[in-house]
């Protein structure tokens, strides 16, 4: 197992700059996720770590060894491909044993290790099948076994759940987490699904158009997004464009529509800002150290275990999410509504997008 | 691994890897050295005069009536009276616009005819379901079989004075029709090459997303309007690609001009003109010929580049390539059925006749039979046509005798048939009755015997008979008893394996087969190596050399074989004088080397396309996964990539092999310079140009090639379970 450091990696494809100088530090034994929309550069980062692509500049370190231009076959950063990349002309056994045969291990050791790996992914007894005879989930397990059996320095997973159906996805998610914990290996996980990232990761790096926007634990990223992009990417949230109209140190007065919100914390330079409020942090009852906004009810959406009230404040729509049915029972579309939010739950960030 | 800027730029990978460099450089250097440089060498010669750069030779060509002649000489159709029979014969030969324009005009006509034929059949097969479609399917496969020279020879025989066509035409029209010269060449080429358009057009029609036509129908378009506005434009890129190939093939074709070389007009083509310089020993070639080769090359390359550009601009058929669709197939309506059975079917049969004729020639023996009916009653009834004035009494009589031989017995058994020939003798006239006595000499006999079947020959014999004088002349019923001797002196046809046996058994013929086999097999090994390396480089890396390699691999299609031959001649003579590579080295020249090189280059595009297509089917992640698990590039290629594309490699290799075996242009030029080491086609050419051997042996070689082709196709189809892929440009 290794810790991986990326130092100012730049990668261009023709005219397009895929990675604009990213730096990352993946700790030994952690499950680290690259999260971002498609085209943000997360897969490119993964391929560069795997040695399948090479950066234009910047360096990659595995522990104290620089591996930037080490070929993929010598690197030991083993990738589980999004499409699994199982070789259709080889049986499950041969697929899994491939990496071991390359290492020229004795036959009985290969058999022992393949058996171990297939056990680990719960595929004992499938040795003689061919990839086409397996379900999607089973194919994925073979791909993981094939990667794990060579004892990689770091395991790279490229959108591993994207080709599975919803139920299987949850199952494989915890399976991957279980295996990672069991073996204590360093895993780099790539996904565009924030929920998946939150559930599985020790730490997450949120990427956007070739840069890393924020690195942190899922909780840090969810609760303390440092950029507008991170805030809006991590689940459904209210991102309200606004202006700073007064400053006193890091305390500011922010205005949107005709609402003035006082006593918010903001350290940025730009006066063009966004106010970020998570829907579930909005209450329909007064809160401590809170602000209140009064507007009209636009829509009430009932989701079962929670209800969303969409309020219209001037031209701005704000979503509030509540689990308490009683609080919404008095609301009617077009009727008045007041949203309460604690100042601690309001994040002011520079306008970015 | 070493990081290398130039590796990144040229090969598209920053790590310098010998295997990747090899994949780029081996095919690239191979084609540059053995295709581009020889052609450039010719360019140098063509563009210099007295040691200075000059357009002298080109202006000479463009200014000489031999090369460009406007207005043209000769007339399209000549009417002649056949000696002996007095029948009217129309000979269509074409007019002479000069060598350069002739080639262009013949090319245009062939392209046009082949496109019409190919598109018609493709549309029929792609869109209609009718009784006998399977026959059509099988029959359409037959013209694809390549039998150099022999099929052109059969076409020539079919359209000769007494050929198959006139067998039907003469009784119908009362005159005979003969195709010769440029017209004969054009027809032979059109029939030989139309399957190329057919295959490309068929693929295009099949690949049209049916919803496109359905939408048009849905909006009210029907019938020919639908075809004209939607179907045809969508298929046009494919058809045009096929047509372009036909044009290039026609331009470079030597087989048809050689077969028709008896007519000087057939020699007035660029391909033959260049070729003819190879006929006279070895030695320096005129720069004029190099210039002519360059003109031919430019025409072919222009056509090729034009179509590449056009097709890449209009990849309609590919737009909606999702899933497999059920092709639109309709039952023909009544009038369409009439067209199918009354026009298409006879046309189709007509176009497969050459191949059938080749097989017929290979298995049919003609030998002279001298029979004797002396002493056995034979009876001829007929007329003597004469202008003689009849007086009473005995008069000398000469005339033309036409009659039927009704029966006869003798060594050759019962016989039936017609004979016509010259009569000379005397007549004794009394009233309107006449008795004649005399002999017929060299009368042409056509008939059947029970024992030998169809028999033709010449008859000499005594005639005694009686007749009646009518106004039209002398109408004589001649009864002949035991009067004709040696009947018939003719030829008898029958099934034989002699030619096949001779081909395989005669060491003189067998050596050509072995030569061709050896050269083709070695060429195929090179081709496989070239296709795998070039496909790997272009399919897996995106460096500056990628587009260069992509183009250079396909370019051999656009370089006429005779241009390759000419280029090699100059190149190897200049660079390797006195070695076995040097064609002017009278004693030591060994065509093996240059032929293997030429085959491997000329037939490379077939295999390269197939291998590249296979590579595209294999997702690159399968190889990356292997490298990522620690396998070297070599290991990855051999254990992952090659097993997965093995069928494509195999299919491409078979295709290249088949077409290497039947390669003509280089084989009959450079190959002919040392007949001991010459390939099959060089021998076949000798047969056609002189009496080096019988046409039947050439036909037997044609049958051998057909067998190789059918076997290869069947094997490829069985093993790869894929449709036989064929020549295309896209």
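Chains as they are written, first to last, in the working numbering: chain E, 1 to 353; chain B, 354 to 1083.
By construction, the Cβ of each residue, glycine as well, lies at the ideal position given by its N, Cα and C atoms.
Treat the numbers as computed from the prediction; the structure is a model and nothing was measured.
Can you tell me where the beta strand (DSSP E) holding residue 272(E) begins and where it ends?
272 to 277
May I have the straight-line CA-CA distance separating residue 557(B) from residue 476(B), to the nearest angstrom?
If you take the alpha carbons of residue 557(B) and residue 476(B), they lie about 10 Å apart.
CB-CB length for residue 306(E) against residue 259(E), believed under 8 Å:
That belief does not hold up - the Cβ atoms of residue 306(E) and residue 259(E) are roughly 25 Å apart, past 8 Å.
Cβ-Cβ distance between residue 585(B) and residue 911(B) below 7 Å:
no
Contacting positions in the region 79 to 107 of chain E - beta carbon closer than 7 Å to chain B:
When CB distances to chain B are screened at a threshold of 7 Å, the residues of the region 79 to 107 of chain E falling below it are 79, 81, 83, 85, 87, 89, 98, 99, 102 and 103, in chain order.
7 Å is my cut-off, CB to CB: does residue 52(E) come that close to chain B?
yes
Buried or exposed: which applies to residue 785(B), given that a residue is buried once 16 or more other Cβ atoms fall within 10 Å of its Cβ?
So residue 785(B) ends up on the exposed side.
Does the separation of the CB atoms of residue 1065(B) and residue 1014(B) fall below 7 Å?
no
Using a C-beta cutoff of 7 Å, does residue 462(B) count as contacting chain E?
For residue 462(B), the closest Cβ of chain E is not nearer than 7 Å.
Sort 267(E), 95(E), 150(E) and 19(E) by Cα distance to residue 140(E) and report the nearest one.
95(E)
Take the Cβ of residue 323(E) as the centre, count every other Cβ of all protein chains shown within 10 Å, and call the residue buried at 16 or more, exposed below.
exposed
Is the CB-CB distance between residue 19(E) and residue 39(E) below 7 Å?
No.
Does the beta-carbon of residue 688(B) have 16 or more other beta-carbons within 10 angstroms, so that it is buried, or is it exposed?
Classification for residue 688(B): exposed.
With a threshold of 6 Å, establish whether the CB of residue 561(B) neighbours any heavy atom of the ligand ATP.
Absent from the structure shown: the ligand ATP. Ligands present: none.
Chain-order list of residues whose beta-carbon lies under 8 Å from that of residue 116(E) (same chain, five-residue window excluded):
The residues are 149.
Please name the residues in the region 19 to 39 of chain E whose beta-carbon is closer than 9 Å to at least one beta-carbon of chain A, in chain order.
Looking for chain A here will not work: the only protein chains present are E and B.
Are the region 544 to 560 of chain B and the region 451 to 467 of chain B in contact at 8 Å, needing three or more beta carbon pairs?
The region 544 to 560 of chain B and the region 451 to 467 of chain B touch, with no fewer than 3 CB-CB distances between them shorter than 8 Å.
Cut-off 8 Å between Cβ atoms - residues of its own chain near residue 605(B), not counting five sequence neighbours on either side:
If we look at residue 605(B) and ignore the five residues flanking it on each side, its Cβ neighbours are 624, 649, 653, 913, 914, 915, 916 and 1018.
Can you check DSSP and say which residues form a bridge with residue 405(B)?
The bridge partners DSSP lists for residue 405(B) are 402(B).
Less than 7 Å between the beta carbons of residue 297(E) and residue 331(E), yes or no?
yes
How should residue 724(B) be labelled, buried or exposed, when 16 other C-beta atoms within 10 angstroms of its C-beta is the threshold for buried?
Legend: pLDDT at residue 724(B) = 46, less than 50; position of this residue unreliable, value from coordinates given subsequently. Residue 724(B) counts as buried, since at least 16 other C-beta atoms from the protein chains shown sit within 10 angstroms of its C-beta.
Along chain B, which residues have their Cβ under 9 Å away from the Cβ of residue 71(E)?
354, 368, 370, 980, 985 and 986
Buried/exposed call for residue 1025(B), threshold 16 Cβ in 10 Å:
buried
Please confirm if the region 211 to 230 of chain E is in contact with the region 60 to 74 of chain E, defined as three or more CB-CB distances below 8 Å between the two stretches.
no
Please specify which runs of the alpha helix (DSSP H), each continuous and at least 4 residues long, are wholly inside the region 936 to 1000 of chain B, giving them in chain order.
944 to 955, 957 to 970, 973 to 981 and 986 to 989
Is the region 413 to 425 of chain B close to the region 444 to 453 of chain B, with three or more CB pairs under 8 Å?
yes
Compare the C-alpha of residue 151(E) against each of 2(E), 133(E), 17(E) and 128(E) and name the closest.
2(E)
Could you run through the region 993 to 1024 of chain B and flag, in chain order, every residue whose CB is less than 8 Å away from some CB of chain E?
993, 996 and 997
Using a Cβ-Cβ cut-off of 7 Å, state whether residue 975(B) counts as contacting chain E.
Yes, residue 975(B) counts as interfacial toward chain E.
So, are the CB atoms of residue 58(E) and residue 9(E) less than 7 Å apart?
yes
Jot down the residue ranges of each uninterrupted beta strand (DSSP E) in the region 293 to 319 of chain E, minimum 3 residues, whole runs only, in chain order.
307 to 313
Can you tell me whether DSSP reads residue 167(E) as helix, strand or coil?
helix
Is it true that the region 277 to 292 of chain E meets the region 325 to 341 of chain E, where meeting means three or more beta-carbon pairs spaced less than 8 Å apart?
yes
In whole angstroms, what is the alpha-carbon distance linking residue 839(B) and residue 920(B)?
Below a pLDDT of 50, predicted positions are generally treated as unreliable, and residue 839(B), at 45, falls in that range; the measurement from the model is reported next regardless. Near 58 Å, if we compare the C-alpha coordinates of residue 920(B) and residue 839(B).
Measure the CB-CB distance between residue 598(B) and residue 628(B) and report whether it falls below 7 Å.
no
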